[in-house]
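Encoded as structure tokens, the structure appears first; notes follow it.
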Amino acid sequence: MPELPEVETTLRGIAPHITDRTILECVFRTEKLRWPLDTDLCYLLPGEKISRVERRAKYLLLFCGHGTLILHLGMSGSLRIVSADTTEQKHDHVDLIFTDGQCLRLTDPRKFGAFLYTDADPYTHKLLLHLGPEPLTDDFTGDYLYSVSRGKKQSIKQFIMDQKVVVGVGNIYASEALFSSGIRPDRAAGRVSLKRLRSLVVAIKAILQKAILAGGTTIHDFNQADGKPGYFTQQLQVYGRSGDRCVICGETILSQKLGQRSTFYCPQCQS
DNA sequence: ACGCTCTCCTGGCCGC
DNA sequence: TGCGGCCAGGAGAGCG
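Take the first sequence: its position 210, counted from the start at 1, is 212 in our numbering, and no numbers get skipped.
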């Protein structure tokens with residue numbers, strides 16, 4: 003569920019509740035998520051104050067007095083603000099309890115998420131160091147995409163999902179953006195023209211922005227445990243629609259696997 | 001360097 | 001209704 007728009011929505015939702023709050027207690031209810039949880043944090047974090055919260059790619063950065071928490075929601079994670087005495091439910095793996103009685107609770111059925119801590123500048127952490135540009139900034143342009151894609155045989159869809167190329171384009175939005183810009187997802191990245199890459203970049207920005215706008219009102223849907231697209235389903239043109247008619251030309255939408263991931267496209271509109 | 005495959009984990013859904 | 005198999009929106013690790 004968490005693609006970039008959901009992470010951004012989460013950031014906006016939690017930041018006002020945890021900024022300038024002091025941690026009273028850190029509770030782990032599982033040994034590991036994607037990586038083992040550092041139990042030292044249970045005595046290192048109490049007394050630390052969250053000074054600010056930022057997002058980089060799909061990572062959330064919680065700056066504390068002496069270090070920074072690096073969180074990732076994986077495929078099924080969500081963060082909520084609850085009262086510290088709210089009974090935990092299945093898959094509630096981490097609580098960050100504050101002195102004002104509020105609690106930041108991490109839920110993640112599939113345990114693909116991350117809850118890490120670093121003393122150093124988090125942007126130099128190896129998970130963040132080699133990330134590509136943010137898609138919604140002016141650093142992400144068709145000309146940039148053109149320059150880094152020349153000679154690449156990898157499919158354009160896998161290419162734009164590579165976090166070193168650009169961050170935040172997940173499996174759903176990759177199919178949607180390629181449909182919107184008329185590019186077949188299995189076309190080699192190095193063989194897409196500058197003109198079409200400019201169109202693709204415009205499409206990526208538009209769809210992410212649209213989803214962020216939709217996200218604010220639908221954050222409750224985050225709790226859905228299943229793997230289905232949530233609030234954005236109504237607006238999807240090709241994702242999950244194989245066998246349906248293309249909304250533009252009426253041709254049958256096809257699907258194929260690219261890099262183990264389901265990919266959807268219209269064979270008529272995309273070339 | 002590049003690109004491919006595997007992997008972590010739980011749960012929902014489909015077909016038999 | 002029960003069970004096995006398959007699928008899921010991320011992305012790092014390891015390999016050739």
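Idealized CB from N, CA, C, for every residue including glycine. Model, not experiment: these values are computed from the prediction.
What does the alpha-carbon distance come out to for the pair residue i and residue j?
i	j	result
Val204	Ala179	9 Å
Asp123	Gly69	8 Å
Ser257	Leu133	29 Å
Gln270	Ser182	13 Å
Pro38	Thr24	24 Å
Lys230	Arg152	Confidence at Lys230 is low in this model, with a pLDDT of 41, below 50, so the placement of that residue should be treated as unreliable; the coordinate-derived value is given next. Straight-line Cα distance between these residues: approximately 35 Å.
Val240	Pro7	19 Å
Phe100	Thr41	18 Å
Leu81	Arg58	16 Å
Tyr267	Arg198	16 Å
Ser195	Leu98	48 Å
Ile214	Pro4	11 Å
Val249	Ser264	20 Å
Ser149	Thr143	10 Å
Leu130	Tyr146	20 Å
Gly252	Arg243	12 Å
Lys207	Cys66	31 Å
Leu71	Cys44	13 Å
On the DSSP letters alone, give me the boundaries of the beta strand (DSSP E) that residue i sits inside.
i	result
Leu106	104-109
Arg259	What sits at residue 259 in the sequence shown is Lys, not Arg. That run of the beta strand (DSSP E) goes 256-260.
Leu130	Taken as a continuous stretch (DSSP letters only), Leu130 belongs to no beta strand (DSSP E), being part of the alpha helix (DSSP H) at 128-131.
Ile99	94-100
Ile250	First-last for Ile250: undefined, no H or E at that position.
Tyr125	Element bounds for Tyr125: n/a, residue is neither H nor E.
Arg263	263-267
Leu62	61-65
Please state whether DSSP places residue i in a helix, a strand or coil.
i	result
Glu27	strand
Glu56	strand
Leu35	coil
His74	strand
Thr220	The pLDDT assigned to Thr220 is 42, lower than 50, so where the model puts this residue is not dependable; a value taken from the coordinates is nonetheless given after this. Coil, per DSSP.
His19	helix
Val169	coil
Arg198	helix
Arg82	strand
Glu10	helix
Leu215	helix
Cys271	coil
Leu118	strand
Name the two residues that bound the continuous alpha helix (DSSP H) containing residue i.
i	result
Lys113	Neither: Lys113 is in no alpha helix (DSSP H) and is coded neither H nor E.
Ile174	173-182
Tyr148	144-151
Leu238	First-last for Leu238: undefined, no H or E at that position.
Leu47	That residue, Leu47, is in no alpha helix (DSSP H); it is neither H nor E in DSSP.
Ile162	158-162
- Message: Under 8 Å, with one C-beta from each stretch per pair, do the stretch 162-180 and the stretch 107-114 reach the 3-pair mark?
- Response: no
- Item | Three-pair Cβ contact test at 8 Å for the stretch 195-215 versus the stretch 27-40 | no
- Below 8 Å, can you find three or more Cβ-Cβ pairs linking the stretch 148-162 to the stretch 183-202? With a cut-off of 8 Å, the stretch 183-202 and the stretch 148-162 count as touching, because enough Cβ pairs lie within range.
- Message: Quick check: the stretch 47-67 against the stretch 16-26, are at least 3 beta-carbon pairs closer than 8 Å?
- Response: At 8 Å Cβ cutoff, the stretches touch.
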